[in-house]
Amino acid sequence: MRSMLTRLVGCGRLRPAEWAASDARSAADAAGDWSAVSERPATATSLAAHTSSMAGKPSSTFYNRLAARKIFCSVLVMVVVLASGLTGAAAPKYPTPVGNINDFSGVLTADDEANLNALVASVLEQTGVTFAVAIVDNTGGESLEFYAANLYEEWGIGEKGKDEGLLILLVMEDRTLKAEVGYGLEPVITDRRAGECLDLMLPYFREGEYGKGLYAGLMRAAEYVAKDRGITLEVKPVTEDYGDVYTGAPDPSSLAWLGLLLGAPMALVGLLIWRGNGAPGARRGSTWWTESSNRQLTKSAG
Numbered sequence: 002m003r004s005m006l007t008r009l010v011g012c013g014r015l016r017p018a019e020w021a022a023s024d025a026r027s028a029a030d031a032a033g034d035w036s037a038v039s040e041r042p043a044t045a046t047s048l049a050a051h052t053s054s055m056a057g058k059p060s061s062t063f064y065n066r067l068a069a070r071k072i073f074c075s076v077l078v079m080v081v082v083l084a085s086g087l088t089g090a091a092a093p094k095y096p097t098p099v100g101n102i103n104d105f106s107g108v109l110t111a112d113d114e115a116n117l118n119a120l121v122a123s124v125l126e127q128t129g130v131t132f133a134v135a136i137v138d139n140t141g142g143e144s145l146e147f148y149a150a151n152l153y154e155e156w157g158i159g160e161k162g163k164d165e166g167l168l169i170l171l172v173m174e175d176r177t178l179k180a181e182v183g184y185g186l187e188p189v190i191t192d193r194r195a196g197e198c199l200d201l202m203l204p205y206f207r208e209g210e211y212g213k214g215l216y217a218g219l220m221r222a223a224e225y226v227a228k229d230r231g232i233t234l235e236v237k238p239v240t241e242d243y244g245d246v247y248t249g250a251p252d253p254s255s256l257a258w259l260g261l262l263l264g265a266p267m268a269l270v271g272l273l274i275w276r277g278n279g280a281p282g283a284r285r286g287s288t289w290w291t292e293s294s295n296r297q298l299t300k301s302a303g
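One gets this note's numbering by counting positions in the sequence shown from 1 and adding 1 to each.
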């Protein structure tokens, strides 16, 4: 008997604990006493009876697993729905740029776009500074400052690491405009200079000449950039009617001497203090559309 058990252990069929139990059963067999092994037949009988009584009925474990699976599926559906909603809410609501000149309101003519594209291409090639234009119907309820700043970041205007970009935003429904200046360009296009650029645009805008207005303002900004780079900017209009859109503006320093000659030094100083030159590191861009500063369009196109 033990040699047989040894072979079973060696084959992995019987463990030492089971070996001891087998010895006990062998001794009980020899004594004619079934009480020592009566637990196994009894267990088998009771298990058989339990199995018989549960025949054809799913176990409680089955129901538990089914309930858990339903809960898991419900939670999974909720997570997917919520994730879809959040993704939709976080989706960019700003228009996708099609180039440097982006007219989403359809107010520019083909000649307008050709001349503006030639201008910004020349500025980029000769100075490395990026000019961009966005014309939209509205800001979707956002403030002009917030929309312009986020559109600038969304489009990634300006070379990475330098942030030398200028965005001109024109909102048609509100007849408002905004100059958003990159941090790297702020020492050149200060708040005051950005205001000059926008002031040059307004007379054209009031007559519905949006392309020429943008051209005049961007040319002024380009002159400031070229002067900072120590170069003479070469820009050739694509069409003849753009040849006299911008003939240059007097240097701001000459206005100071003019004020002195006219005997209005205090007024000039007050004006310079109020408008300022804008300091490097200040927040990008300026607001130039309020009625008090005469920078809100008062006449719509057409």
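Note that beta-carbon positions come from the ideal geometry of N, C-alpha and C, so glycine has one too.
Three-way DSSP call (helix, strand, coil) for residue i in this model
{"i": "Thr128", "result": "helix"}
{"i": "Ile72", "result": "helix"}
{"i": "Glu181", "result": "strand"}
{"i": "Val137", "result": "strand"}
{"i": "Glu241", "result": "helix"}
{"i": "Val226", "result": "helix"}
{"i": "Gly196", "result": "helix"}
{"i": "Glu187", "result": "coil"}
{"i": "Ser213", "result": "In the sequence under discussion, the amino acid at residue 213 is Lys, which differs from the Ser named in the question. Reduced to three states, the DSSP call for Lys213 is helix."}
{"i": "Val121", "result": "helix"}
{"i": "Leu109", "result": "coil"}
{"i": "Gly218", "result": "helix"}
{"i": "Leu160", "result": "A small fix is needed here, since residue 160 is Glu in this sequence, not Leu. Note: Glu160 maps to coil in three-state DSSP."}
{"i": "Lys94", "result": "coil"}
One or two residues paired with residue i in a DSSP bridge
{"i": "Ile232", "result": "Bridge partners of Ile232: none, in fact."}
{"i": "Gly166", "result": "Thr131"}
Counted within 10 angstroms of its Cβ, other Cβ atoms place residue i as buried (16 or more) or exposed
{"i": "Asp242", "result": "exposed"}
{"i": "Ala91", "result": "At Ala91, the pLDDT of 48 sits below 50, so the modelled position is not reliable; the number obtained from the coordinates is stated separately. Exposed, because fewer than 16 other Cβ atoms sit within 10 Å of the Cβ of Ala91."}
{"i": "Asp245", "result": "exposed"}
{"i": "Asn116", "result": "buried"}
{"i": "Ala111", "result": "exposed"}
{"i": "Glu154", "result": "exposed"}
{"i": "Lys161", "result": "exposed"}
{"i": "Thr97", "result": "exposed"}
{"i": "Val130", "result": "buried"}
{"i": "Glu174", "result": "exposed"}
{"i": "Thr240", "result": "exposed"}
{"i": "Gly218", "result": "buried"}
{"i": "Gly212", "result": "buried"}
{"i": "Ala31", "result": "A caution first: Ala31 carries a pLDDT of 48, below 50, which makes its placement in the model unreliable, though a value can still be read off. Looking at its Cβ environment, which holds fewer than 16 other Cβ atoms inside 10 Å, Ala31 is exposed."}
{"i": "Lys179", "result": "buried"}
{"i": "Gly183", "result": "buried"}
{"i": "Ile102", "result": "buried"}
{"i": "Val172", "result": "buried"}
{"i": "Glu208", "result": "exposed"}
{"i": "Ser144", "result": "exposed"}
{"i": "Gly157", "result": "exposed"}
{"i": "Val134", "result": "buried"}
{"i": "Phe147", "result": "exposed"}
{"i": "Gly1", "result": "The requested residue 1 is not part of the displayed model; the chain covers only 2 to 303."}
Residue range of the alpha helix (DSSP H) that includes residue i
{"i": "Asp175", "result": "Taken as a continuous stretch (DSSP letters only), Asp175 belongs to no alpha helix (DSSP H), as it is neither H nor E."}
{"i": "Glu208", "result": "Per DSSP, Glu208 belongs to no alpha helix (DSSP H) and is neither H nor E."}
{"i": "Tyr154", "result": "According to the sequence provided, residue 154 is Glu. The question's Tyr does not apply to it. From DSSP, the alpha helix (DSSP H) with Glu154 extends over Leu145 to Trp156."}
N-terminal and C-terminal residue of the beta strand (DSSP E) that residue i is part of
{"i": "Asn103", "result": "Ile102 to Asp104"}
Report task. Would you be able to state if there are at least three C-beta pairs under 8 Å between the segment 114-127 and the segment 229-243? Result -> yes
Query raised in the report: Touching or not, the segment 176-196 and the segment 221-232, by the rule of three or more beta carbon pairs under 8 Å?
Result: yes
Report task. Assess, as a yes-or-no matter, whether the segment 217-225 is touched by the segment 190-205 under the definition of 3 or more beta carbon pairs within less than 8 Å. Result -> yes
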